[in-house]
Structures are given as structure tokens and as C-alpha cells.
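>
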Amino acid sequence: MAGELARLRAEREELDSHIRMLESQLRVSPTAPASRAGEGDVAAGTGGGTGGPVRRGNGFMPADMIYRYSRHLLLPDFGVEGQRKLSRSSILVVGAGGLGSPVALYLAACGVSCLGIVDGDDVELNNLHRQIIHKEAYVGKSKVKSAADTCREINSSIKVVEHHHTLRPCNALEIVRKYDIVVDATDNLPTRYMINDCCVLLNKPLISGAALGLEGQLTVYHHNGSPCYRCLFPNPPPVAACQRCSDSGVLGVVPGVIGCLQALEAIKVATDVGEPLSGRMLLFDALSASIRIVKIRGSSAVCTICGENSVFTQDDFQKFDYENFTQSPMSDKRQV
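Numbered by the UniProt record's numbering, the letters in the sequence shown go through residues 1 to 336 in order.
Okay, structure coming up:
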């Protein structure tokens with residue numbers, strides 16, 4: 001017992017030493033100008049609200065935040081600057097289902113400045129095997145409310161914005177323009193095309209994931225020269241080729257795996273750390289536990305949305321009938 005206590009004390013002293021070093025770096029960092037008392041505080045955001053994103057300054061990071069994110073700060077490739085960038089980022093998660101659950105949980109825990117969640121559905125009992133952000137007590141209640149409450153319980157220092165409606169052409173531009181990055185956690189075709197077009201029009205990077213059955217995939221669209229969704233799929237596939245988990249099923253952990261990777265890609269894009277999956281697509285097979293990464297073709301010069309001669313405007317977007325284009329419904333019950 002005495003040996004164990006000595007070991008724990010030594011670990012605590014080592015961690016305290018790291019914290020003191022990081023505090024010193026934060027106070028003298030040339031990229032973070034000194035601020036007046038109370039300004040630029042990383043904890044300045046509120047834990048709730050339904051307004052727009054909160055931007056945080058570049059100043060001193062409080063000791064409790066240094067301790068909270070100390071494992072991030074100790075990473076050589078992430079460190080203080082990575083956490084600073086993350087703490088100034090605003091990210092919108094479209095869909096609080098099987099994909100959106102781990103995305104929202106990890107982004108909240110990692111300390112983004114503002115996390116927006118948009119969904120028009122209520123929690124159902126058959127969601128709970130995969131949509132881990134929800135609890136039995138929230139069955140029959142708003143998914144956005146359930147997800148936001150859970151995120152605030154995890155991290156009360158971030159701002160969580162609740163959008164209690166389905167994302168549609170009539171409201172998408174107003175919502176998406178408030179955020180730096182968008183995560184597509186939906187599973188229906190018209191919504192995928194709509195989110196892509198909206199992000200291109202507003203010049204937002206899009207983290208796109210999908211999970212069905214025992215397989216999943218993800219990529220980053222419209223970022224660092226990567227193509228948009230329409231570059232790869234200018235025309236929607238036949239309706240018979242489009243499946244949803246409500247028809248074909250999904251193993252609960254599969255969207256969990258893809259959602260975690262979507263959160264990772266969002267963090268990489270927000271912090272400029274590592275190499276995001278721009279121009280590449282990750283393919284996951286749960287049965288063989290295999291992951292493949294394939295190169296996808298670049299942006300199309302003749303793309304009707306992002307091509308150099310595109311004439312698609314925001315007015316066109318709001319009038320576009322995505323359900324007719326894909327011959328499939330933009331259902332409220334669309335999350336994986």
C-alpha cells in the first residue's frame with residue numbers, strides 16, 4: 001500500500017509540473033496577446049442557450065481548463081495551440097442519431113466553443129441500442145433536448161445550441177452559416193444532397209459519414225480542394241438502391257465507430273492537425289474488422305454546384321425540390 005501511494009504521489013507531482021509548464025507557455029505565447037482580466041477566458045462560454053455560436057478569445061486559459069484538457073495539451077502534435085483552435089471552433093451536427101450521438105459526445109467533451117445540434121425527431125425505444133446519447137427517460141421527448149442535456153452534463157463550459165426542427169432548404173442557410181464546420185449524421189439521400197449544396201454555397205467543410213448493416217464509410221467534402229458530394233454523384237442512384245437502417249438493420253456499434261471517426265475528422269479540420277480525409281474515403285467492414293482508405297476523384301469542373309461555371313445560387317437552393325430530385329422522402333425519421 002505504501003508503495004502504491006508513493007507511486008500515485010509521484011504521478012501527481014509530475015502532472016502538476018506539466019500543468020505549471022503549460023500555464024507558463026499560455027501566459028507568454030506570442031500567438032496569444034495579453035487580455036484584460038476576464039477577457040479571452042476559455043471558459044467564457046455559457047453552458048446552454050439557443051442563440052448563435054460564442055467566439056472565444058486567445059488569452060489566458062484558466063487552470064481548471066488546463067487540468068481538464070491536460071491530456072490534449074501534452075500531445076506534441078496537438079498541444080496548447082490545438083486546444084486553443086478547438087476552443088474557438090463552432091460545429092454543427094445534423095442528426096442526433098446513431099452517427100450524431102458519438103460525434104456530439106466527443107466534440108462536447110473535447111471542448112469546442114459552440115456545438116449546434118439539429119434534429120426534428122423524438123427519442124424512440126428502438127433508437128437506444130445505437131443512439132447512445134439518449135436515455136430511457138427521454139423516450140418520447142425531443143432528440144435535440146436529450147442530446148443537448150447530455151452534452152451539457154459532460155461539459156458545462158461549452159455552448160450547446162438546440163435546433164428543434166428538421167433541416168430543410170427553407171432554414172438550412174440561416175442555420176449553417178453560423179458554424180465553421182458541418183457534420184452530416186443523416187441517412188437519407190435528399191438530405192445528403194441538400195447539406196452538401198448548402199455547405200458549398202456557404203463555403204463550409206462537410207464531414208460526411210454513413211453506416212448501414214455491418215459497414216460504414218466517411219470522407220471530408222469541400223475542404224482543401226476536395227470534391228463535393230455532387231462531384232462524385234451528380235445524379236442520384238435508383239430508389240431501389242437506397243436503403244435505411246429501418247429497413248435493412250444496423251449493428252449498434254457500427255454507427256458508433258463511424259461517428260467517432262467523424263468527430264476525429266471534425267477536430268482535425270478545426271485545428272489544422274494531421275491529414276483529414278479530404279479527397280479520400282474510409283471504408284469500414286465490421287465483420288472482417290477491416291478498414292480501407294481509397295482515393296476519390298477530385299473536384300469536377302462541370303459540377304452544377306461547385307464547378308467553375310456553376311450558376312446555382314442561394315435563391316435556387318431554397319427553391320430546389322430535393323425530394324423530387326432523388327425520388328425519395330426527406331423524412332423526419334432519418335437518423336441512422
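Backbone N, C-alpha and C define an ideal beta-carbon position, used for all residues, glycine too.
Excluding the five sequence neighbours on either side, which residues of its own chain have a C-beta within less than 6 Å of the C-beta of residue 293, listed in chain order?
Within the sequence shown, numbered from 1, the residue matching residue 293 stands at position 293. Within the same chain, residue 293 has close Cβ partners 280 and 282.
> So, for residue 331: in the same chain, excluding its five sequence neighbours on each side, which residues have a beta-carbon less than 8 Å away from its beta-carbon?
For the purposes of this step, residue 331 is taken as residue 331 along the sequence shown, with counting starting at 1. The residues are 188.
> Could you have a look at residue 100 and say whether DSSP puts it in helix, strand or coil?
Counting from 1 along the sequence shown, the entry for residue 100 is found at position 100. Three-state DSSP puts residue 100 in a helix.
> Considering only C-alpha positions, which residue in the set 125, 94 and 148 is nearest to residue 137?
To locate residue 137, count along the sequence shown from 1; it is residue 137. Considering only alpha carbons, the answer is 125.
> Which same chain residues end up closer than 8 Å to residue 192 when comparing Cβ atoms and leaving out the 5 residues on each side of it in sequence?
Residue 192 sits at position 192 when you count from the first residue of the sequence shown. So the qualifying residues of the chain are 184, 186, 208 and 229.
> Would residue 227 and residue 322 be called neighbours here (beta carbons separated by less than 8 Å)?
Taking the first residue of the sequence shown as position 1, residue 227 is located at position 227. Taking the first residue of the sequence shown as position 1, residue 322 is located at position 322. Going by C-beta atoms, residue 227 is not nearer than 8 Å to residue 322.
> Compare the Cα-Cα distances from residue 289 to each of 215, 310 and 203 and report the closest residue.
Your numbering for residue 289 matches position 289 in the sequence shown. Per the Cα distances, 215.
> Specify the secondary structure class of residue 345 as computed by DSSP and reduced to three states.
Examination of residue 345 is not possible in this model, given that the chain is present from 1 through 336 alone.
> Measure how close the beta-carbons of residue 182 and residue 159 come, nearest whole angstrom, since I'm counting them as under 8 Å.
What you label residue 182 is simply residue 182 of the sequence shown in a count that begins at 1. What you label residue 159 is simply residue 159 of the sequence shown in a count that begins at 1. So it is not a contact: roughly 17 Å between Cβ atoms.
> Buried or exposed, going by whether 16 or more other CB atoms sit within 10 Å of the CB of residue 135?
Here the question's residue 135 lines up with position 135 in the sequence shown. Taking all protein chains in view, the Cβ of residue 135 is surrounded by fewer than 16 other Cβ atoms within 10 Å, so the residue is classified as exposed.
> Any chance the stretch 138 to 145 sits against the stretch 162 to 179, with 3 or more Cβ pairs inside 8 Å?
yes
> Just mark residue 149 as buried or exposed, buried being the case when its beta carbon has 16 or more other beta carbons within 10 Å.
Mapped onto the sequence shown, residue 149 falls at position 149. Burial call: buried.
> Following the continuous beta strand (DSSP E) through residue 92, name the residue where it begins and the one where it ends.
Position 92 of the sequence shown, counting from 1, holds the residue named residue 92. Where residue 92 is concerned, the enclosing beta strand (DSSP E) stretches over 90 to 94.
> What's the gap between the Cα of residue 232 and the Cα of residue 202?
In the sequence shown, the residue the question calls residue 232 occupies position 232. In the sequence shown, the residue the question calls residue 202 occupies position 202. Roughly 19 Å separates the two Cα atoms.
> What residue does the beta strand (DSSP E) around residue 72 start on, and which one ends it?
Taking the sequence shown and counting its residues from 1, one reaches residue 72 at position 72. Looking at the DSSP string, residue 72 is not in any beta strand (DSSP E); the run it does join, the alpha helix (DSSP H), is 70 to 73.
> By Cβ distance below 8 Å, which residues in the same chain neighbour residue 302 in space, the five residues on each side in sequence not counted?
Residue mapping note: residue 302 aligns to position 302 of the sequence shown, counting from 1. Closer than 8 Å at the Cβ level, and outside the excluded window around residue 302, lie 309.
> Go ahead and label residue 196 buried or exposed: buried means 16 or more other beta carbons lie within 10 angstroms of its beta carbon, across all protein chains shown.
Translated into the one-based positions of the sequence shown, residue 196 becomes position 196. With 16 or more other Cβ atoms within 10 Å, it is buried.
> Please classify residue 191: does DSSP put it in a helix, a strand, or coil?
To locate residue 191, count along the sequence shown from 1; it is residue 191. Helix at residue 191.
> Please go through the same chain and pick out, in chain order, the residues whose beta-carbon is closer than 7 Å to the beta-carbon of residue 257, but skip the five residues on each side of it.
The sequence position of residue 257 within the sequence shown is 257, counting from 1. Closer than 7 Å at Cβ, skipping near neighbours: 216 and 284.
> Mind checking whether residue 180 and residue 270 have CB atoms under 8 Å apart?
For the purposes of this step, residue 180 is taken as the residue at position 180 of the sequence shown. For the purposes of this step, residue 270 is taken as the residue at position 270 of the sequence shown. Yes; because the gap between Cβ atoms is below 8 Å, this pair is in contact.
> Alpha carbon to alpha carbon, how far is residue 5 from residue 83?
Reading the sequence shown from its first residue, position 5 is the one you call residue 5. Reading the sequence shown from its first residue, position 83 is the one you call residue 83. Residue 5 and residue 83: Cα-Cα distance of roughly 32 Å.
> Assuming contact is defined by CB atoms lying nearer than 8 Å, are residue 173 and residue 314 in contact in what I supplied?
On the sequence shown, residue 173 is found 173 positions in, with the first residue counted as 1. On the sequence shown, residue 314 is found 314 positions in, with the first residue counted as 1. Yes, these two residues count as a Cβ contact at 8 Å.
> On the DSSP bridge assignment, give the partners of residue 281 in chain order.
In the sequence shown, counting from the first residue as 1, residue 281 sits at position 281. Answer is 219 and 294, bridged to residue 281.
> How should residue 212 be labelled, buried or exposed, when 16 other C-beta atoms within 10 angstroms of its C-beta is the threshold for buried?
The sequence position of residue 212 within the sequence shown is 212, counting from 1. Buried is the call here.
> Taking residue 326 as the reference, give the member of 234, 264 and 273 with the closest Cα.
For the purposes of this step, residue 326 is identified with residue 326 of the sequence shown, where counting begins at 1. Nearest C-alpha to residue 326 among 234, 264 and 273: 234.
> Does DSSP classify residue 132 as helix, strand or coil?
For this step, residue 132 is matched to residue 132 along the sequence shown. In the structure shown, residue 132 sits in coil (DSSP, three-state: anything other than H, G, I, E or B).
> Is residue 200 near residue 78, with beta carbons less than 8 Å apart?
Walking along the sequence shown from the start, residue 200 turns up at place 200. Walking along the sequence shown from the start, residue 78 turns up at place 78. Result no, Cβ atoms of residue 200 and residue 78 do not sit closer than 8 Å.
> Please report the distance separating the alpha-carbon of residue 238 from that of residue 328.
On the sequence shown, position 238 is the one that residue 238 refers to. On the sequence shown, position 328 is the one that residue 328 refers to. For residue 238 and residue 328, the distance between alpha carbons rounds to 10 Å.
> Since residue 162 is in the beta strand (DSSP E), which residue starts that stretch and which ends it?
Position 162 of the sequence shown holds residue 162. Run containing residue 162: 159 to 163, per the beta strand (DSSP E) assignment.
> Are residue 113 and residue 133 closer than 8 Å when you measure CB to CB?
The count along the sequence shown starts at 1 and reaches residue 113 at position 113. The count along the sequence shown starts at 1 and reaches residue 133 at position 133. In this structure, residue 133 does not lie closer than 8 Å to residue 113 by Cβ.
> Buried or exposed: residue 155, going by 16 or more other Cβ atoms within 10 Å of its Cβ?
Sequence index remark: in the sequence shown, residue 155 carries index 155 (1-based). By the neighbour-count rule (16 or more Cβ atoms within 10 Å), residue 155 is buried.
> Assign residue 17 to one of two classes, buried (16 or more other C-beta atoms within 10 Å of its C-beta) or exposed (fewer than that).
The sequence position of residue 17 within the sequence shown is 17, counting from 1. Its Cβ having fewer than 16 others within 10 Å, residue 17 is exposed.
> Assuming contact is defined by CB atoms lying nearer than 8 Å, are residue 147 and residue 96 in contact in what I supplied?
Taking the sequence shown and counting its residues from 1, the one referred to as residue 147 is at position 147. Taking the sequence shown and counting its residues from 1, the one referred to as residue 96 is at position 96. Less than 8 Å separates the beta-carbon of residue 147 from that of residue 96.
> Taking only the alpha-carbon atoms, compute the straight-line gap between residue 298 and residue 10 and give it to the nearest angstrom.
As a first step, residue 298 must be located in the sequence shown, where it is residue number 298. As a first step, residue 10 must be located in the sequence shown, where it is residue number 10. About 52 Å.
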